[in-house]
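Residue numbers (the working numbering), protein chains in the order written: chain A, 1 to 256; chain B, 1001 to 1252.
As structure tokens, this is what we get:
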């Protein structure tokens, strides 16, 4: 009886007091998206260090592993990137759960949205659908990548990463993931700015126009950077196979 | 097709493709019908529709009252964009092809006529779109002048009061199309209007009770269909962002 009474009481409170959760969830969705977006841009910039050569990428890897804290400044604490991957994975799952609330709930809702897109051909409406599709792709591909990073953080480096791309056949996954992440992220950051009006200033409409241009530029920049980096890793991966060096760790200064 | 006189230039031929459907008529099925009329100087879609009704089919249904973009009756989807028929000039369509659909998200009365009234009334009652005084306030004496309002505030309120409840923002909103209970931009414009009004004593918590959920401001996915299709150019983007910030601070 007591539990029924408790249940009724909470039911009554639900009716009388508006839950604060929708506000918290909305904010959490935006903040988790912001965190992931900033992380991804930083991540790609760090990864693209390979474009400056193997030594540059190795140096970045060592910094990320806090090797400057080790006695000989050679190796590093691979637990740091592993824990980072676990943290990002957590944030990624939180963001996915929150964003899923907005997905079309059934086939009818999906069909209605598609017909709205066909009717209007409106860029921001279409952009949202792009986010749904790329988000869905990331559920799977992003999870694979994050799991590997969390469990094999010691295999990050100019040659081992390249081997992962080529010898272990991950490049198609990274290629799709690159497009999904960069499109999802740039649209998401633009939407965040609009949603919260953070840069509105005196003329919110002019701001939006500028943000749209910026969104396109950012997408093109990061896609180019990502494709170039991916190509560089694949090239090294192929060379490693040809030179019979698959699985060998790169040593600083090894190639001049 | 009417013949032009000797001096005036003959107008081009416009093709109106119009969705025809009468839900009241048993067995009637939605179909597109095409009507050709000659374009006149400064012709609006509304004038074109009258011409079609006069010349071809008196049973064509569409709504209008003011013919001046004030009443909000003649909203319809014009070449994919929700807009007012009385404010859209035919010369904005270079190829002369004009496709007209009834506003989605509203109950269809017939052809291009929809029942926005039911939606708007429901929205008004849900948001209690009237000035709320303090619960224990003395009844206002109608013989006493109201307190003066800051002209800047009055101007801002007036800016939002320009909403004519045409429904274009709701039809342009992918969220409103997918989720029947979503308030829609028209509701947010009214909330923003009353929230700004110093005579309305509702608190942030009161507003949170009205719009602090996914049917309200947290349901808005910032698709900006409202912002880009409002015939009155209301500041949807800016005001909805303002309400979101306000409701998050009230709710967290």
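Positions of the beta carbon are idealized from the N, C-alpha and C atoms, including for glycine. All figures in this text were calculated on a predicted structure; none of them were measured in a lab.
For residue 113 of chain A, would you say it is in contact with chain B, using Cβ-to-Cβ distances shorter than 8 Å as the test? yes
Could you tell me the distance, in whole angstroms, from the CA atom of residue 1003 of chain B to the CA atom of residue 187 of chain A? Reliability of the predicted coordinates at residue 1003 of chain B is poor, the pLDDT of 42 falling under 50, and the value obtained from them is presented with this limitation in mind. So the alpha carbons of these two residues sit roughly 53 Å apart.
Where does residue 103 of chain A fall in DSSP's three states? coil
So with Cβ pairs under 8 Å, would you call residue 120 of chain A a contact of chain B? yes
According to DSSP, is residue 1090 of chain B helix, strand or coil? helix
Would you identify the three-state DSSP class for residue 242 of chain A, choosing helix, strand or coil? helix
So is residue 1008 of chain B buried or exposed if we call it buried at 16+ other beta carbons inside 10 Å? The predicted model places residue 1008 of chain B with a pLDDT of 46, which falls under 50 and marks its position as unreliable, so this point remains unresolved.
Considering only residues of the same chain and omitting the five flanking positions on each side of residue 1205 of chain B, which have a CB-CB separation below 8 Å? 1250
List, in chain order, every chain A residue whose beta-carbon is nearer than 7 Å to that of residue 1221 of chain B. 102, 128
When the cut-off is 8 Å and only beta carbons count, does residue 1178 of chain B lie next to chain A? yes
Through-space distance from residue 146 of chain A to residue 1077 of chain B, alpha-carbon basis: 46 Å
Here's a check: name, in chain order, each residue in its chain whose Cβ is nearer than 7 Å to the Cβ of residue 80 of chain A, leaving out the five neighbours to either side. 64, 65, 66
Where does residue 1001 of chain B fall in DSSP's three states? Legend: pLDDT at residue 1001 of chain B = 40, less than 50; position of this residue unreliable, value from coordinates given subsequently. In this structure, residue 1001 of chain B counts as coil in the three-state DSSP scheme.
Please classify residue 1113 of chain B as buried or exposed, where buried requires at least 16 other C-beta atoms within 10 Å of its C-beta. buried
Along the region 1183–1208 of chain B, where does the CB come closer than 9 Å to a CB of chain A? Name the residues. 1205, 1208
Quick one, are the C-beta atoms of residue 158 of chain A and residue 236 of chain A less than 8 Å apart? yes
When you compare only the Cα positions, how much space is there between residue 1194 of chain B and residue 1108 of chain B? 30 Å
Beta carbon of residue 141 of chain A, beta carbon of residue 180 of chain A: below 8 Å? yes
Anticipated Cβ contact below 8 Å, residue 1035 of chain B with residue 1046 of chain B, distance rounded: Rounded, the Cβ-Cβ distance is 14 Å, inconsistent with contact.
Going by C-alpha to C-alpha distance, which of B:1231, B:1232, B:1252, B:1211 sits closest to residue 1240 of chain B? B:1211
Can you check the region 1177–1225 of chain B for any alpha helix (DSSP H) of at least 4 residues that lies completely inside it and give the ranges in chain order? 1185–1196, 1204–1211
Check each residue of the region 1140–1165 of chain B: if its Cβ is closer than 8 Å to any Cβ of chain A, include it; give the result in chain order. none
Cβ-based contacts, 8 Å cut-off: residues of the region 202–215 of chain A near chain B: 204, 205, 208
Can you tell me which of B:1014, B:1244, B:1153, B:1188 puts its alpha carbon nearest to the alpha carbon of residue 1169 of chain B? B:1188
Are residue 1048 of chain B and residue 1084 of chain B close, meaning C-beta to C-beta below 8 Å? no
Distance check for residue 1209 of chain B and residue 1203 of chain B, CA to CA, integer angstroms please. 10 Å
Residue 1253 of chain B: contacting residues in chain A (beta-carbon distance under 8 Å): Since the first residue shown for chain B is 1001 and the last is 1252, residue 1253 of chain B is missing from the structure and cannot be characterised.
DSSP state of residue 1150 of chain B mapped onto helix, strand, coil: coil
For residue 42 of chain A, name the three-state secondary structure that DSSP assigns. helix
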